[in-house]
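Colleague: Take a look at this one; I'll ask things after.
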C-alpha cells in the first residue's frame, strides 16, 4: 500500500481561550507520511516566527528529498537510514535558520521553538523531537507517550525528586531544557518505532497535555478513532473547557494499512529508472 | 519576591527567612540557616531544597519529627501557606509564584540553557510580568488541582470535581441542585442518564459519568455524548445515517441535549434525563 493510502492524517490548531496569538505551527505531508508540529516561544510574534520556520523547513526539505530517494536508503554521511538522517539534518537546519534570524533581527532575539516530527515509512515511524511537544501512541486501548519531554519537570520526575502526583502542582512546568533555535547547535532526540495497523498517533503541543489528563486523551482517541476530525476537535475542546490557557495543536495519524517499501530486484531497477 | 519561611511561636512572629539558597537547613545547632534553640529541636532537624520556583521540605531524621498542616511528614512539596510545625514552633511557607493552574500565572514556555551549575540556571528571554503582589493571588487561590486523585486515574469522575461540578448546577438549565456551587468530587447529586426505550435492552440505563460516552455499534452507526462544563452534547461519529434527536437528524455539529430528549440511533430509541 502506498503511504498516502495507508495513513489518514488530520491536524488542527487553536489559540486557546486566553492568548491572542497562536505560536504553534503544524504541517502534514501525506504523500511522504510526514507530520510536524512546533510550539514557538519568544516575545511579540517571535514565537510564531520560530515555530513557522521550524515546521516549514522540516516539512518542505524532507518531502522534497523524498521525491526521488527512499527513506530506507543508507545516507552517505553517518550510515543512518535516510528517514532518520533527514529528520536530524532538517531539525538542525531549522535550528540554524531560527538562530540566525534571532541573531540578525533584534525583535526576534531569544526566540525558539519545540518541535515534534514523525516520518512514517516501511511499517515504522521515525520520531524526532526537541522540547516538550509530545507524540502519543494509542495501540489497542493503551495510550503511551513515546517521546520523553526535554523539560526540567521531566528531569525531576526521572531523578525521583518529585512524584507524578506532585508534578501536577509544580511551578516549573513551563521550563524546557532543549529548544530549536536557541543555540548554534541543537541536539534532537530521534527514535524509530514499529507501526501496527490500527495504531493512532497523536502529536500535540503542551497546551493539550497540560490541560487534559492522559486518561481523557485515551478515552477520546479510543472512542472517536473512527472520525479523526471529530477526535481532534474534541481534544481541543476539552483543553479549552479546562481553561485553554495555552495554544492547543494536535495532529492525528491513523494507520489503515501496511506500507512496506518494495525491496525486490525489480523494484530497485524501477527505482533506478525513476532517477 | 522569592519564597520565604516565617518563623513564629504562640502566634508571635519571630523572624522571616527568604529561600534564597538551593538548600537551607533548620535545626538547633549554630551552623543551620534557621536556628531554633530549643531542646525539642534536633541539631539538624530539616532542610528546604528550592529549585527555581518549587521548594521541597525534608526531615533530616530528626528525633521528634515535624508536621505539615497538622500531618506528620518526612518529605513534602511545599505549597503556598503550608505551615510546618517543629515542636512549639511554626514555619509558614509563603510564595507568590502560584501553581500554574490559575490563568494569571500560566507562564509562557521558556528555555533553560544547558546548565553548568544549578544556581546559574536562568531561563533565556525575560520572564513575563510576575503576578501582581503576593496576596492578590491568594484569595481562593488554592491550586485548582488540590483534590486531584492519584495519577493512576482510579477515580473515574476526576474531571467532575475539577471542571464540571462547579459550573454544573449553575449553568445547566435542566438541573435543580440544592447545593449549587460547593459540590466536591464524588458528591455530585445528579447524574445524567440515557435510558433505552426500545429493542431488546429496553429499560436499561446508562449513566453518563465519563466525559465521553459512545453509543451505537462501531462500523455501523456511532454517536458520542460529551460532558462539558455547560451541559451534555451529542455528536455523530461514524456511519451513513445520522442519529435523530426528537425525530430530527443531527448535522455534523454537536447538539446540546435537553432533559427528556429522545435519541434514535440504529433503530433504537433512548431518552436522556437527569436522575437524583
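Residue numbers (my numbering), protein chains in the order written: chain A, 1 to 275; chain B, 276 to 551. Here a beta-carbon is modelled for each residue, glycine too, at the ideal position from N, C-alpha and C.
1) In or out: residue 164 of chain A buried (at least 16 other Cβ within 10 Å) or exposed?
2) Can you name, in chain order, every residue of its own chain whose Cβ lies under 8 angstroms from the Cβ of residue 321 of chain B, other than the five neighbours on each side?
3) Take residue 6 of chain A as the anchor and find which of A/87, A/199 and A/85 has the nearest alpha-carbon.
4) Per DSSP, which one or two residues make a beta bridge with residue 469 of chain B?
5) Going along the chain, which residues of its own chain have a beta-carbon closer than 7 angstroms to the beta-carbon of residue 44 of chain A, five neighbours each way excluded?
6) Give every residue of the same chain whose Cβ lies closer than 6 angstroms to the Cβ of residue 352 of chain B, excluding the five residues on either side of it in the sequence, and list them in chain order.
7) Using a beta-carbon distance cut-off of less than 7 angstroms, what residues from the segment 171 to 197 of chain A approach chain B?
8) Please give the ranges of any beta strand (DSSP E) in the segment 319 to 358 of chain B, keeping only runs that are unbroken, at least 3 residues long and fully inside the region.
9) For the 8 angstroms Cβ check, are there 3 or more pairs between the segment 231 to 242 of chain A and the segment 172 to 187 of chain A?
10) Mind checking who residue 53 of chain A pairs with in its DSSP beta bridge?
11) Which residue wins for smallest C-alpha separation from residue 355 of chain B, given the options B/371, B/314 and B/364?
12) Leaving out five residues before and five after residue 339 of chain B in sequence, what residues of the same chain have Cβ atoms less than 6 angstroms from its Cβ?
13) Indicate the three-state DSSP secondary structure (helix, strand or coil) for residue 150 of chain A in the structure shown.
14) Report the option in A/131, A/148, A/141 and A/84 whose CA atom is closest to the CA atom of residue 125 of chain A.
15) Give me the residue from A/65, A/250, A/206 and A/202 with the minimum Cα distance to residue 138 of chain A.
16) Could you list which residues in chain A have their beta carbon closer than 8 angstroms to that of residue 493 of chain B, in chain order?
17) Are residue 116 of chain A and residue 129 of chain A close, meaning C-beta to C-beta below 9 angstroms?
18) Roughly how many whole angstroms lie between the Cα atoms of residue 17 of chain A and residue 240 of chain A?
19) Under three-state DSSP, which class holds residue 39 of chain A?
20) Is it buried or exposed, residue 66 of chain A, if we count other Cβ atoms within 10 angstroms and call 16 or more buried?
21) Name the residues in the segment 478 to 503 of chain B whose C-beta lies less than 9 angstroms from a C-beta of chain A; which are they?
22) Can you tell me whether residue 238 of chain A is helix, strand or coil according to DSSP?
23) Report yes if the C-beta distance between residue 14 of chain A and residue 40 of chain A is below 9 angstroms; otherwise report no.
24) Drop a sphere of 10 angstroms on the beta-carbon of residue 245 of chain A, count the other beta-carbons inside from all chains shown, and report buried for 16 or more, exposed for fewer.
25) Mapping DSSP to helix, strand and coil, what is residue 177 of chain A?
26) Residue 10 of chain A and residue 28 of chain A - do their beta-carbons sit closer together than 9 angstroms?
27) If the criterion is Cβ atoms closer than 9 angstroms, does the pair residue 472 of chain B and residue 543 of chain B meet it?
28) Could you spell out the range, first to last residue, of the beta strand (DSSP E) harbouring residue 3 of chain A?
29) Once you ignore the five residues that flank residue 279 of chain B on each side, which residues in its own chain have a CB closer than 7 angstroms to its CB?
30) According to DSSP, is residue 290 of chain B part of a helix, a strand, or is it coil?
31) Using the three-state DSSP reduction, which class does residue 112 of chain A fall into: helix, strand or coil?
32) Where does residue 511 of chain B land, buried or exposed, given buried means 16+ other C-beta within 10 angstroms?
33) In chain A, which residues lie less than 8 angstroms from residue 354 of chain B when you measure between Cβ atoms?
Modeller: Taking the structure as given:
1) exposed
2) 300, 301, 302, 332, 333, 334, 335, 337, 341, 359 and 361
3) A/199
4) B/481 and B/547
5) 107
6) 331
7) 171, 172, 173, 174, 175, 176, 177, 179 and 182
8) 321 to 326, 329 to 334 and 350 to 352
9) no
10) Residue 53 of chain A is not bridged to any residue.
11) B/371
12) 315
13) coil
14) A/84
15) A/202
16) 226
17) yes
18) 6 angstroms
19) strand
20) buried
21) 485, 486, 487, 488, 489, 493, 494, 497, 499, 501 and 503
22) helix
23) no
24) buried
25) coil
26) yes
27) yes
28) Counting along the chain, residue 3 of chain A falls outside any beta strand (DSSP E), though it belongs to the alpha helix (DSSP H) covering 3 to 6.
29) 291, 292, 293, 294 and 369
30) strand
31) strand
32) buried
33) 169
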